[in-house]
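Numbering (the working numbering), first residue to last: 177 to 573.
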């Protein structure tokens, strides 16, 4: 009889021990972050939940804990060929599909927990584009109770100011990571899923749409066009940023992003003080659109690299420069039509767009200034209208 393979391996402890200190030194140098060691850890495994602010959050968690951690990670890192194979061999992350409830990911978490491993995940699933904690999937509460592990809640503060999701540069500013609370398995068992979820949401909530010091870089506004596609002066548009300025390409409206994270109009009064305020206004604008009347001409036309993703294996390039169009009810890639009724849409990283059609999985990646967010937002606006939730607010993040 074939012996069942274990998720946890001795080599994971070796890798964690060898890499921890050089990566800690690099992380502190790169981000200037202060991470509090979790001295109450003991020898127990934990389920760690964290708020998601930077691309480097997992390393902040590793700085606080002294044993190997098995991170729940999006499917994208498992489709990079030999690089993915190396990552799996070194640290064995737990893959999860973002576009659906992934029962296999739950089973894998249970397996790791039973083997005595520590698991870490971000209930948001996405990094914030605007500084406030985004939607968390309620299924995390059920998982937390089912695993039977103590729940360690890891807070990251100042991460958005230091490295916003939309930016390619890291600012200098104050950042802090620490375990804010531990909930014992007995406590979790006595709580309902709703109570556990409310606790997690309360402990992980962050609002960086306020002045919390200065975060300085000469490119403070660069690539904000990955977030914004609605101009307060002229409506649906495109933007271009340089240095600390972002401008509408249609009407010329220009806004400065200050080191305090505040926004100010150049030569005029700008009504949105922070990125989050403009972001909320943009969502409200989209939530008042009738997308069924936007199906004749494309709202945006641009080019993108079009690939088929072979899950957990590799990406197959289908076309280097495909013509990508967004309509109120569909996305077209050259002569291929992806109707919102028939697909799923998710956003990865800063601006990669994933399309799911049946068992097929495609990815679109364009230039650095590409705004993938609008495709996700319009998809969810269409779905809300189609399901009778005309006043639904959720647009994908």
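We put the beta carbon where it would ideally sit given N, CA and C, even for glycine.
Because the structure is a prediction, the values reported are computed rather than measured.
{"Asked": "Beta-carbon proximity of residue 548 to residue 523, cut-off 8 angstroms", "Found": "yes"}
{"Asked": "When 314, 529, 536 and 299 are compared against residue 554, the one with the closest alpha-carbon", "Found": "529"}
{"Asked": "Cβ pair residue 398, residue 345 closer than 8 angstroms", "Found": "yes"}
{"Asked": "Cα-Cα separation, residue 285 to residue 315", "Found": "13 angstroms"}
{"Asked": "Closest residue to residue 211 among 205, 236 and 228 (Cα-Cα distance)", "Found": "236"}
{"Asked": "Given 8 angstroms, three or more beta-carbon pairs between the region 220 to 237 and the region 295 to 311", "Found": "yes"}
{"Asked": "Residue 200 versus residue 244 - alpha carbon distance", "Found": "14 angstroms"}
{"Asked": "Alpha helix (DSSP H) segment containing residue 558, residue limits", "Found": "549 to 562"}
{"Asked": "contact_flag[the region 500 to 518, the region 307 to 327] where n(CB pairs < 8 angstroms) is 3 or more", "Found": "no"}
{"Asked": "Presumed contact (8 angstroms Cβ cut-off) between residue 291 and residue 182, rounded CB distance", "Found": "6 angstroms"}
{"Asked": "DSSP three-state assignment for residue 383, whether helix, strand or coil", "Found": "strand"}
{"Asked": "Beta-carbon proximity of residue 552 to residue 481, cut-off 8 angstroms", "Found": "no"}
{"Asked": "C-beta contact flag for residue 214 and residue 307 at 8 angstroms", "Found": "no"}
{"Asked": "Beta-ladder partner(s) of residue 354, from DSSP", "Found": "331"}
{"Asked": "Distance, residue 261 Cα to residue 355 Cα", "Found": "31 angstroms"}
{"Asked": "Enclosing alpha helix (DSSP H) for residue 461 [first to last residue]", "Found": "451 to 462"}
{"Asked": "Assigned exposure category for residue 280 - 16 Cβ within 10 Å defines buried", "Found": "exposed"}
{"Asked": "Beta-ladder partner(s) of residue 367, from DSSP", "Found": "DSSP lists no partner for residue 367."}
{"Asked": "Alpha-carbon to alpha-carbon, residue 546 and residue 527", "Found": "6 angstroms"}
{"Asked": "8 angstroms contact criterion, which residue 335 and residue 351 should meet: CB distance rounded", "Found": "6 angstroms"}
{"Asked": "Runs of alpha helix (DSSP H) wholly within the region 210 to 260 (minimum 4 residues, chain order)", "Found": "233 to 240"}
{"Asked": "Contact under 8 angstroms by Cβ, residue 505 with residue 515", "Found": "yes"}
{"Asked": "Own chain, CB closer than 6 angstroms to residue 422, minus 5 neighbours either side, in chain order", "Found": "397, 400, 415 and 431"}
{"Asked": "Spatially closest choice to residue 329 from 293, 376, 463 and 508, by CA coordinates", "Found": "376"}
{"Asked": "8 angstroms contact criterion, which residue 222 and residue 326 should meet: CB distance rounded", "Found": "5 angstroms"}
{"Asked": "Given residue 349 as reference, the closest of 384, 196 and 404 once Cα atoms are compared", "Found": "384"}
{"Asked": "Own chain, CB closer than 6 angstroms to residue 543, minus 5 neighbours either side, in chain order", "Found": "none"}
{"Asked": "Residue 198 classed as buried or exposed, judged by whether at least 16 other C-beta atoms fall within 10 angstroms", "Found": "exposed"}
{"Asked": "Rounded straight-line distance, which links the Cα of residue 426 to that of residue 247", "Found": "43 angstroms"}
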